[in-house]
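Working notes, beginning with the structure itself.
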Amino acid sequence: MTTFWDDVWIKDKPLKDTFKRLVQLESNLNAKVADRVTWNGERSAPNWSWVREIRGRTRAELNELEGMFSTIKMKIEKEDYWSWKLSGSGTFSTHTLTKHIMSSSYPTIVSNIPTQRNVLVPKKLGVFIWRARRERLSVLFELDKRGIDLHSILCPVCDDMIETVDHALFSCKKVREIWDKVFMWWGIGTNQKSLDDMLNGFSYLQCSELGVKIWQATIWTSIYLI
Ligand SMILES: [Zn+2]
Numbered sequence: 026m027t028t029f030w031d032d033v034w035i036k037d038k039p040l041k042d043t044f045k046r047l048v049q050l051e052s053n054l055n056a057k058v059a060d061r062v063t064w065n066g067e068r069s070a071p072n073w074s075w076v077r078e079i080r081g082r083t084r085a086e087l088n089e090l091e092g093m094f095s096t097i098k099m100k101i102e103k104e105d106y107w108s109w110k111l112s113g114s115g116t117f118s119t120h121t122l123t124k125h126i127m128s129s130s131y132p133t134i135v136s137n138i139p140t141q142r143n144v145l146v147p148k149k150l151g152v153f154i155w156r157a158r159r160e161r162l163s164v165l166f167e168l169d170k171r172g173i174d175l176h177s178i179l180c181p182v183c184d185d186m187i188e189t190v191d192h193a194l195f196s197c198k199k200v201r202e203i204w205d206k207v208f209m210w211w212g213i214g215t216n217q218k219s220l221d222d223m224l225n226g227f228s229y230l231q232c233s234e235l236g237v238k239i240w241q242a243t244i245w246t247s248i249y250l251i
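Residue numbering for the sequence shown follows this note's numbering, starting at 26 and increasing by one per position.
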């Protein structure tokens, strides 16, 4: 929305910064340009709405502002409309919103890990894996990194290593017992070095595309349950 005091700029700043006294007397700070400027086809004229009468030094500001009006030929051609500033096209999308939130919340983490989908499992599993791969799960190490005061960041299961996402879901010795069984069931050797290693590509598998999808569904489900 094009608001009069924020979006109309004179002298490289919005009107509200140039006419500081006046803006304090504005009855509606969200007034649109069309609310404050009328156009009769030939010239523009102001249409003010103040909370009280303008006098004294504020009067001088108003005179200055109105003086600018008479010199500026302003024509309101378009009706006001909503524009989404985060996307180039001005159209709202949840993708740009998510990207914005993520980059504001985790500015140091560059997310170029693509989202993977697997139709064999519920969507929430895909979301969980997506978060795990970006280390955005509430394991003790991540909570500590984000400034939460904790008594200990050691894994509560083995009490031996720091509870990172990788540790909690893959390398903790208790968790390894589960993975050994899953890998044995599938007849696959357990030589993956990390959670990422296990989730990235499946070159260690010797099976069809469907088999790969089923294996992915198996490990995603296992991770989720762990
Ligand atoms: Zn552990």
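Glycine is no exception: its CB is placed at the ideal position from the N, C-alpha and C atoms.
Predicted model, so just to flag it, every value in this text is computed and none were measured.
message: Give me the residue from A157, L87 and L40 with the minimum Cα distance to S219.
response: A157
- prompt: How is F29 classed by DSSP in three states: helix, strand or coil?
  reply: helix
- request: Would you grab the beta carbon distance between V146 and W245 for me? Rounded to a whole angstrom, and I think it's under 8 Å.
  value: 6 Å
message: Short of 6 Å in beta carbon distance, which residues of its chain neighbour Q217, apart from the five on each side in sequence? Order them along the chain.
response: M223
query: Does the segment 190-197 touch the segment 160-177, meaning 3 or more C-beta pairs lie closer than 8 Å?
result: yes
query: What residues in its chain sit with their C-beta under 8 Å from that of V24, if we drop five residues either side in the sequence?
result: In the structure as shown, the chain starts at 26 and stops at 251, and residue 24 therefore has no counterpart that could be examined.
task: State the Cα-Cα distance for the pair F44 and I126, rounded to the nearest angstrom.
output: 34 Å
message: Classify V152: buried if its beta carbon has 16 or more other beta carbons within 10 angstroms, exposed otherwise.
response: exposed
- prompt: According to the Cβ coordinates, are L111 and L47 closer than 8 Å?
  reply: no
message: Taking 7 Å as the cut-off, is the beta-carbon of D191 closer than that to any non-hydrogen atom of ligand 1?
response: no
Paired residues, beta bridge with S163 - DSSP: Paired residue(s): none; S163 is not in a bridge.
message: At a threshold of 7 Å, does V164 count as lining ligand 1 (C-beta to nearest heavy atom)?
response: no
task: Please state if the CB of C197 and the CB of M209 are separated by a distance shorter than 8 Å.
output: no
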